[in-house]
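Under this note's numbering, think of the first position of the sequence shown as 8, with each following residue one higher.
For every residue, glycine included, the Cβ atom is placed at its ideal position computed from N, Cα and C.
Given the structure is predicted, the values throughout are model-derived calculations rather than measurements.
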Amino acid sequence: MAMVSTEVLSRKVLAMEESATLKMAQLGRDLAAKGHHVISLSLGEPDFDTPDHIKEAAKKALDEGYTKYTPVPGLMELREAICRKFERDNGLHFTPAQIVVSNGAKQSIANLCAAMLNPGDEVILFAPYWVSYYDIVSMNEGVPVVVAAGIDQDFKVTAAQVAAAITDRTKLIIFSSPCNPSGSVFTQDELEAIAAVLAPHEQIYIVADEIYEYINFSGAHVSMGTIPSVAARTITVNGFAKGYAMTGWRLGYIGAPTFIANACTKIQGQVTSGANAFAQKAAVHALDADLTATYAMRDAFQKRRELIIGLLEQIPGLKVNHPQGAFYLFPEVSAYFGKSLGDQVINDDNDLSEYLLAEAHVATVAGEAFGIPGCIRISYAASEEDLREAARRIAAALGKLK
Ligand code: PMP
Ligand code: GLU
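Take a look at the structure:
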């Protein structure tokens with residue numbers, strides 16, 4: 008039999024990390040398949056189903072024959088609906104020529120990096136960053152420049168930190184607000200201060216990932232693209248996965264300068280073509296409908312946030328943040344480093360996350376994957392019953408560490 012060697016694989020894929028969020032979700036599923044009752048707080052996915060009226064719109068679209076290829080950047084009526092949404096919710100003014108619809112916001116970001124990066128171009132990532140930014144940048148031969156903000160600054164990078172990270176090679180800045188994994192939300196003042204730093208650097212483009220826009224408990228979502236000094240260089244990323252509980256539908260989009268939108272369309276046209284036709288029709292309906300279901304989900308997340316914060320704060324050693332958005336907590340757990348159970352020593356957040364899975368059957372994600380070791384990410388998009396049980400198990404497992 009011929010020898011099989013991974014050496015045939017590209018250097019690109021060999022250098023790449025597996026997505027930590029997806030990996031932990033799979034490890035949780037594997038353990039559950041062995042008969043354990045695993046509580047998965049690893050995957051960033053609403054536990055709600057897509058609202059019925061959106062599902063009905065997809066069924067209708069299928070019956071109407073939306074079963075064919077669509078234009079690569081998306082159906083014109085969806086791009087028009089996205090422009091209306093940007094105007095209505097964000098005060099952003101785009102034309103359909105500036106919109107590209109993709110198979111999830113993940114592909115939107117991958118398109119952007121492929122369209123904009125040359126080898127050696129630097130990309131400033133605000134840490135904690137969403138896990139895939141780092142590898143998407145690296146895959147496209149960009150150099151991630153990580154600017155880190157710990158729990159003491161509510162995981163929010165300051166304008167001064169951004170200023171210190173800029174070089175002649177800086178091409179892009181990517182951040183999410185509300186933030187995955189911290190849940191932190193940038194205020195108008197904070198974004199304006201960052202914009203003021205970026206304003207004189209005309210070669211730098213900003214990728215504002217606003218996919219958690221609707222899951223905001225402060226009630227004040229601010230789009231970087233509304234700040235005049237950087238508006239022309241801001242690409243706004245959004246999608247349907249979180250606010251409409253449509254993770255499996257795979258639909259995301261950007262609003263961008265036309266030449267960047269065209270470049271993303273060119274790439275998408277060679278790699279995947281237009282997104283799913285009947286999903287796009289349902290997305291038009293979702294955007295034009297009222298947001299009652301979205302706000303009901305947001306309110307449920309807010310209730311769970313209070314619950315899980317209250318429970319975790321009772322556990323000695325955990326430093327728990329109080330985020331204003333998304334459905335994540337990002338507690339600092341370093342008080343447990345150096346402790347052990349039997350011969351199992353907890354040296355870092357990876358060890359702790361693995362320990363919680365093995366010992367408590369609770370899946371989380373280590374902070375290192377998001378550029379902030381010392382923390383773990385807890386997705387509280389789970390039922391209140393599961394959150395109570397998870398907190399009980401985490402407390403018991405941590406209590407065994409000496
Ligand atoms: N950006 C952020 C900040 C995310 O958390 C995610 C994960 N869903 C994405 C982008 C990708 O979203 P999608 O499922 O639309 O690809
Ligand atoms: N974005 C979600 C998360 O952070 C979904 C998984 C993924 O695409 O990484 O868990």
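Over the uninterrupted beta strand (DSSP E) stretch that includes residue i, give me the two end residues.
i: K346; result: From DSSP, K346 is part of no beta strand (DSSP E); its letter is neither H nor E.
i: V130; result: E129 to A134
i: G324; result: G324 -> no beta strand (DSSP E), and no H or E assigned at all.
i: D70; result: Segment D59 to D70 is the alpha helix (DSSP H) holding D70; no beta strand (DSSP E) there.
i: I383; result: I383 to S386
i: I143; result: Taken as a continuous stretch (DSSP letters only), I143 belongs to no beta strand (DSSP E), being part of the alpha helix (DSSP H) at V138 to M146.
i: D216; result: Y212 to D216
The ligand FMN and residue i: does any heavy atom of the ligand fall closer than 7 Å to the residue's C-beta?
i: I261; result: By its list of ligands, the structure shown excludes the ligand FMN, since it contains just the ligand PMP and the ligand GLU.
Given residue i, which residues of its chain have a CB within under 6 Å of its CB, disregarding the five upstream and five downstream residues?
i: L38; result: V45
i: S236; result: A202 and A206
i: V153; result: L132, A134 and G378
i: V169; result: I201 and V204
i: R257; result: N110 and G111
i: A27; result: V138, V372 and A376
i: T57; result: A252 and M253
i: N147; result: C120, A121 and L124
From the options, pick the residue whose C-alpha is nearest to that of residue i; which is it?
i: V291; options: A40, H60, L48 and P151; result: H60
i: K75; options: A167, A263 and S280; result: S280
i: M231; options: Y221, V327 and Q195; result: Q195
i: L325; options: Y335, R312 and E339; result: E339
i: I274; options: I89, L21, T301 and N118; result: N118
i: N97; options: R305, D216 and G190; result: D216
i: S49; options: A404, V79 and S386; result: S386
i: H43; options: A403, H368 and G406; result: H368
i: D427; options: D128, L336, H228 and T57; result: Only positions 8 to 409 of the chain appear in the structure, and residue 427 is not among them; the question remains open.
i: S341; options: S360, Q277, T57 and V144; result: S360
i: R86; options: E366, D70, P380 and A282; result: A282
i: D54; options: G250, N354 and G149; result: G250
i: T252; options: V192, I213, S225 and F334; result: The residue you asked about is not Thr; residue 252 is Ala in the sequence shown. Measuring from the Cα of A252, the nearest candidate turns out to be F334.
i: N328; options: K163, P103 and Q114; result: K163
i: E125; options: A376, L258, W137 and K178; result: Residue identity check: residue 125 is Asn in the sequence provided, not Glu. Cα-wise, what sits closest to N125 is K178.
i: F344; options: Y141, G381 and A122; result: G381
i: G317; options: K62, L336 and I267; result: L336
i: D297; options: V11, T13, K92 and S12; result: K92
Going by DSSP, name the residue or residues bridged to residue i.
i: N223; result: G332
i: C186; result: C186 is not bridged to any residue.
i: L364; result: According to DSSP, which records beta bridges pairwise, L364 is partnered with nothing at all.
i: G246; result: G259
i: P151; result: V130
i: I234; result: None, per the DSSP bridge assignment.
i: T241; result: I213
i: L179; result: V130 and Y212
i: I46; result: V369
i: E339; result: K326 and C382
By Cβ distance below 7 Å, which residues in the same chain neighbour residue i in space, the five residues on each side in sequence not counted?
i: L314; result: E391 and L394
i: R311; result: Y387, E391 and L394
i: L363; result: V369, T371, I401 and A404
i: C90; result: F101, T102, P103 and I106
What are the boundary residues of the alpha helix (DSSP H) that includes residue i?
i: D159; result: First-last for D159: undefined, no H or E at that position.
i: A166; result: A166 to A172
i: G406; result: E391 to G406
i: R91; result: M83 to K92
i: L205; result: Q195 to L205
Spatial neighbours of residue i within its chain, please: CB distance less than 8 Å, with the 5 preceding and 5 following residues excluded, ordered by chain position.
i: A284; result: A68, Y73, T74, K75, Y76, T77 and L82
i: E145; result: It should be pointed out that residue 145 corresponds to Ser in this sequence rather than to Glu. Hits under 8 Å: A22, M23 and P151.
i: Y302; result: Y221
Segments assigned beta strand (DSSP E), at least 3 residues, entirely inside the stretch 97-127:
With a minimum length of 3 residues, the continuous beta strand (DSSP E) runs that stay inside the stretch 97-127 are 106-109.
Sequence ranges, alpha helix (DSSP H) only - wholly within the stretch 264-303, length at least 4
Those alpha helix (DSSP H) runs which fall completely within the stretch 264-303 and span 4+ residues are 265-278 and 284-295.
Those runs of the alpha helix (DSSP H) which lie wholly inside the stretch 13-44 and span at least 4 residues:
Runs found: 18-22 and 27-40.
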